[in-house]
Structure formats: structure tokens, C-alpha cells
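S.K.:
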Amino acid sequence: KHTHPTVNENDLFFALPLLKELDNPFTLRAIKQIVLFIRFFLENDSDEKCRAVNEALNEASPGREQLMFKCLQIPSDEVKQVVVETIAQAPLDQLDTNEVAELVGMLDGVTSVTGQQQLFRA
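Each step along the sequence shown adds one to the number in our numbering, with nothing skipped, and position 91 is 1228.
1) Between 1202, 1190 and 1168, which lies nearest to residue 1097 when the distance is taken from Cα to Cα?
2) Tell me, to the nearest whole angstrom, how far the beta carbon of residue 1179 is from that of residue 1161; I am working on the premise that it is less than 8 angstroms.
3) In whole angstroms, what is the alpha-carbon distance linking residue 1206 and residue 1213?
4) Can you give me the C-alpha to C-alpha distance between residue 1222 and residue 1155, rounded to a whole angstrom?
5) If the criterion is Cβ atoms closer than 8 angstroms, does the pair residue 1194 and residue 1175 meet it?
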């Protein structure tokens, strides 16, 4: 009989690279595809099943936007672009006060009007 060592959740967390350190192209591609998968549900919110998924993702802890904000730490313009486009698809009524404040805070560091327009493109 084989026994598996107990995995401490903290040990696993510390074994993972920080998002800002991700540079493996396969990992970046996978994250991009996951974000696109989430965007699919946002873009098809008129469908009852997609709306149910959106509501579940929005109400989860951490929620959809919080996860998207974390993905903006990834040093990949391609991933960041997909994330920003996905955040732009989220209905404004699903953004809470903290998420709106975080979006506004992101604009503090944006010196390009194009960057601001891209973030709030509707």
C-alpha cells in the first residue's frame, strides 16, 4: 500500500511562482485561453445558462473581476489585453465599490489616453 505525503496548502502556495514572474509561453497561453473562456460567458449573457455561470463567477470569492485584476500582474501584453477586454465586457451593475475603486486606481498609472479608452471601452 502506498501512502502519499500530506500536502500542506501553504507549502503548495509557496511552490507556485508569483503571477508577476510568469514567463512560460505554455502557461501564458493557458491563462489567456481561460480568460477567453470566461469572456465567452460574458459575451453570451443573453443565454440563460451563460447568465447563470456569470452570476456564479461574479458571486464567487474571489470573484471574476478580482481574478482578472490579479491576472494584470502577469508580464504579458497579450494576456493583459485579453484581461482588459474581458473586464470591459462585465456588466457595470456587477462591479462592486471596491472593484470600481481598483479600476480607477489602475488609471492613475496610465499616461496614455488610448490605455484609458481601452480599459473602459463598451
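From the three backbone atoms N, C-alpha and C, an ideal C-beta is built for every residue, glycine too.
M.R.: The structure says:
1) No information on residue 1097 is available, as it lies outside the stretch 1138 to 1259 that the chain covers here.
2) Taking C-beta atoms under 8 angstroms as the contact rule, residue 1179 and residue 1161 fail to qualify, at a distance of about 27 angstroms.
3) 14 angstroms
4) Between residue 1222 and residue 1155, the C-alpha separation is close to 23 angstroms.
5) Yes. Within cutoff.
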